[in-house]
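Visitor: Residue numbers (full-length UniProt numbering): 1 to 892.
Glycine included, each C-beta is placed from N, C-alpha and C at the ideal position.
The structure's right below; bear with me while I get my questions together.
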DNA sequence: ACCGCCGGGTGCC
DNA sequence: ACCGCCGGGTGCC
């Protein structure tokens, strides 16, 4: 019940109590179910046609709509008068009326059976006080089109399939076009000085970001696409209007490239912008001499006059002090806290005395970050908060974490991880994080929540806060879809409800509508600040980064290696050729990946192959089948292909493999199965084989990658290893202080590389995904150390650690094998080519000549082009492009 | 007149 | 609702 109430608030500023006739809770639950459930995606839907219908009963409800406004159609199966009822609501969820009975009966069948989704636009608005027309458009899967149109026609409602609805739509879009620049009026150019409590001077672009962030938190302009029309506020995209000023998003997305100081800027924001633009009152640790010149007339004693004959500060006492510091005169209450030998005083700024109780209720900023960057946050607070300032930062992590709401909300900053938050959320009533009204929430690497089905995302969405920020170097990774969750988190109305997002942004964009793309851009620009490493302020680059050169070093295979490679290639090519001819490439995707994988391993080192070749025969028993599937799952995940789940189009989380060997996130495929099962047997979204929940195979928990360390007696080299060692030895001669990253997707290759490194007396450390957080931090510290005996080389698994890792001690990067996704490589390079790098960065990519690796590089290039075009690639595009990729890789 | 016509009452689902 | 529909009152022109 708690959840229901909260969601109601989340869906829009709905007044629960104005109209007793409205069954608001039920209505909104349905809207929200539509928003959260994996309804047939807008981008997969086709228009069946449209129909002019009638909305009746207007006089019974308070919801008002304008000419051209979009309305929501919600089934009301519980309606006492008619179980076919379809209610009409505006964007805030206020009921406008009902669909006329006969039409509602027909629509109810179509809607309840998920044959189509119906959307409405009211061409005339509520002129008439009794009824009004509504333009209904039916959307759904192609295969349901005929069924729906026939059914509706039989009931006497013939869908019009020639397009006059587009007139309505384009009218709306042109309408919004006029206001395109309104949201951009807010200048991003101003600079703001940070509060004194920030110990590190900000760079100009960081002051700019601070200024922008403060403005976003404090100013109360209208959100994008809203304008004032007389007494009302009007949304030009949905044509919705409201009496109350639409709540502005207090926060946004800081999407600067990594290395530009998002963390520092955020710390500055926390210290600089408390309530009403005033700095956060913080405890100051000052010595007696500095803090108060005892005779100063500025100091007014207000309590318990200290006995001057004794130690002046022997007992707790309070002073009222006026200081002309911090640009403004501030009255401070000083409290002596006797436990610290350095004479600690607690300063409470004037604001905290005068402020209303309401403001005081929220003082804490909650920072949620991936585990890998937790320590970075703590370091940065340590580093950037002025040493005289005692900021209360609490790390909410570990089993001994303090779960007291009172304690947490008295902190200045609480830091936690997505996992902890998500774990707490699973028992929501007990989650202290969900019981606090935060001043501000900061999501570090906020793109983590872009899959709305993920438990973590739900946990994040359910937090209460006045201000919300997303920090992310890559806010859009795959498609426009990624953005929805971010906007929902920011409570960007009305797009936090999925239907309006789909109708106004997502569908127009996926259909290639230019105005749709414009609107999206406007929307994003309004709430996002993004600078890249190459951006400039006043004609100067933001940061001075040393030059970076990337060179490809071709590796020639030895004769034996070449022979083995060609053998494997021909065999694989025949298999894939057969799949292509049969049209079963996707059905045999795991096999295809296995073939490619083997070729890629051949290019690196023959010993990589040993294990994966142990293909079991045609296993007949379920146990054997399971074993093989686990093996394939391992293969798919280890292949570094950045496998994405075809349901959420995101990289797989909680991977499971189907019997047809396709990998999905467990929640995603479970949802697909439960939805499809209702009418039919569930089918694999990729190859249409029948699938069952009970047959999903996941990675066994106990499965720990047992390193069959190739013992050094049997150790042999390979052409690629030789190429690397040649470079490393040369570099060591040139300058022994140079540090290198040696990167591979195959952790077993890293293990193999340990042999020649030891042989040649290199000191090295290793960082891969299997290491505990503690070990990681230690390894990074060791490597970053400038001590003479510190490691010169880091063996790094491509995906380890994720973004945010700081490896600036290295200036040379060796990418041992190409990745499918060039962004992964870029991210990896950026770990050393970032703020703090003093040397020129040299990146060497090893590519085996005449091999699958060369083909991969070609495809990479193609994908980057695609990424630059940004939007538009649909799911089916992806599938065909993937098959094309495979063909190209095998030169078919 | 087991009709038509008139005019008042009435009105979502 | 300046409608449609219902049902009661009414009944040549």
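Is residue 204 buried or exposed, if buried means 16 or more other CB atoms sit within 10 Å of its CB?
Guide: Residue 204 should be labelled exposed.
Visitor: To test your reading of the DSSP string, which unbroken alpha helix (DSSP H) runs of 4 or more residues are found completely within the segment 699–773?
Guide: The qualifying runs are 719–734, 747–759.
Visitor: Tell me whether the beta-carbon of residue 603 lies closer than 8 angstroms to the beta-carbon of residue 885.
Guide: Contact flag unset, no.
Visitor: Quickly, what does DSSP pair residue 69 with across the bridge? List them, please.
Guide: According to DSSP, which records beta bridges pairwise, residue 69 is partnered with 122.
Visitor: Does the segment 217–230 come close enough to the segment 244–252 that 3 or more CB-CB pairs lie under 8 angstroms?
Guide: As far as the Cβ criterion goes, the segment 244–252 touches the segment 217–230, which means the pair count is three or higher.
Visitor: Go ahead and pull the three-state DSSP assignment for residue 53.
Guide: Looking at residue 53 - three-state DSSP - the assignment turns out to be strand.
Visitor: Based on DSSP bridge pairs, tell me the residues matched to residue 132.
Guide: Residue 132 pairs with 55.
Visitor: Can you tell me which of the three DSSP states residue 827 falls into?
Guide: Three-state result, residue 827: helix.
Visitor: Taking the DSSP output, what are the residues bridged to residue 46?
Guide: 140.
Visitor: One question on the structure: do residue 374 and residue 415 come within less than 8 angstroms of each other, judged by their Cβ atoms?
Guide: Contact flag set, yes.
Visitor: Below 8 angstroms on the Cβ atoms is my contact criterion, and I expect residue 765 with residue 743 to pass it. Report the Cβ-Cβ distance as a whole number of Å.
Guide: Rounded, the Cβ-Cβ distance is 13 angstroms, inconsistent with contact.
Visitor: With a threshold of 6 angstroms on Cβ separation, who are the neighbours of residue 274 within its own chain once the five nearest residues in sequence on each side are excluded?
Guide: Contacts found: 280.
Visitor: Quick check: the segment 138–156 against the segment 99–108, are at least 3 beta-carbon pairs closer than 8 angstroms?
Guide: In short, these stretches touch, since the Cβ pair count reaches three.
Visitor: What number of angstroms, rounded off, separates the C-alpha of residue 657 from the C-alpha of residue 623?
Guide: Distance between the alpha carbons of residue 657 and residue 623 is about 15 angstroms.
Visitor: Does residue 583 pass the burial test, meaning 16 or more other C-beta atoms within 10 Å, or should it be called exposed?
Guide: Exposed: under 16 other Cβ atoms inside 10 Å.
Visitor: Skipping 5 residues on each side, what residues in its chain have a beta carbon closer than 8 angstroms to that of residue 240?
Guide: Contacts found: 65, 66, 69, 70, 90, 91, 92, 234, 494.
Visitor: So if DSSP puts residue 437 in a beta bridge, which residue, or which two residues, is it bridged to?
Guide: Residue 437 pairs with 464.
Visitor: Starting from the Cα of residue 413, find the closest Cα among 399, 424, 385, 678 and give me that residue.
Guide: Minimum Cα distance to residue 413 is reached at 385.
Visitor: List the endpoints of the continuous alpha helix (DSSP H) containing residue 428.
Guide: From DSSP, residue 428 is part of no alpha helix (DSSP H); its letter is neither H nor E.
Visitor: Quick one: using the 10 Å Cβ neighbour count with 16 as the cut-off for buried, is residue 521 buried or exposed?
Guide: The residue in question, residue 521, is exposed, as its Cβ has fewer than 16 Cβ neighbours within 10 Å.
Visitor: With residue 894 as the anchor, note down where its alpha helix (DSSP H) starts and where it stops.
Guide: Because the chain in this structure spans residues 1 to 892, residue 894 falls outside the shown range and cannot be described.
Visitor: Mapping the DSSP letters down to three states, classify residue 696 as helix, strand or coil.
Guide: In this structure, residue 696 counts as coil in the three-state DSSP scheme.
Visitor: Spatial neighbours of residue 784 within its chain, please: C-beta separation below 6 angstroms, excluding the five flanking residues on both sides.
Guide: 809, listed in sequence order.
Visitor: In chain order, what residues of the same chain have a beta carbon less than 7 angstroms from the beta carbon of residue 296, not counting five sequence neighbours either side?
Guide: Confidence at residue 296 is low in this model, with a pLDDT of 41, below 50, so the placement of that residue should be treated as unreliable; the coordinate-derived value is given next. None.
Visitor: Ignore the nearest five residues each way along the sequence and tell me which others in residue 836's own chain have a CB closer than 6 angstroms to its CB.
Guide: Closer than 6 angstroms at the Cβ level, and outside the excluded window around residue 836, lie 808.
Visitor: Measure the beta-carbon distance from residue 845 to residue 553 and round it to whole angstroms, keeping in mind my assumption that it falls under 8 angstroms.
Guide: Sure, about 7 angstroms apart at Cβ, within 8 angstroms.
Visitor: Roughly how many whole angstroms lie between the Cα atoms of residue 574 and residue 892?
Guide: So the two alpha carbons sit approximately 10 angstroms from each other.
Visitor: Using DSSP with H/G/I as helix, E/B as strand and the rest coil, what is residue 93?
Guide: If DSSP states are grouped into helix, strand and coil, residue 93 belongs with coil.
Visitor: I'd like to know whether the C-beta atoms of residue 895 and residue 672 end up nearer to each other than 8 angstroms.
Guide: Given that the chain is displayed from residue 1 to residue 892, the structure contains no residue 895 and the question cannot be resolved.
Visitor: Per DSSP, which residues does residue 797 bridge with? Please list them.
Guide: Residue 797 is bridged to 744.
Visitor: Output the distance between the C-alpha atoms of residue 882 and residue 631, rounded to the nearest integer angstrom.
Guide: Cα to Cα, residue 882 sits roughly 22 angstroms from residue 631.
Visitor: Indicate the three-state DSSP secondary structure (helix, strand or coil) for residue 631 in the structure shown.
Guide: Of the three classes helix, strand and coil, the one that applies to residue 631 here is helix, per DSSP.
Visitor: Would you mind stating whether residue 593 and residue 601 have Cβ atoms separated by less than 8 angstroms?
Guide: Going by C-beta atoms, residue 593 is not nearer than 8 angstroms to residue 601.
Visitor: If we count the other Cβ atoms within 10 Å of its Cβ and call it buried at 16 or more, is residue 2 buried or exposed?
Guide: Unreliable positioning characterises residue 2 in this predicted model, as indicated by a pLDDT of 27, which lies under 50. The coordinate reading is nonetheless provided below. Classification of residue 2: exposed, given that the 10 Å Cβ count is below 16.
Visitor: Nearest-angstrom Cα distance between residue 175 and residue 419?
Guide: In this predicted model, residue 175 has a pLDDT of only 38, less than 50, meaning its place in the structure is not dependable; the value taken from the coordinates is given anyway. If I take the Cα positions, the gap works out to 44 angstroms.
Visitor: Using DSSP with H/G/I as helix, E/B as strand and the rest coil, what is residue 781?
Guide: In this structure, residue 781 counts as helix in the three-state DSSP scheme.
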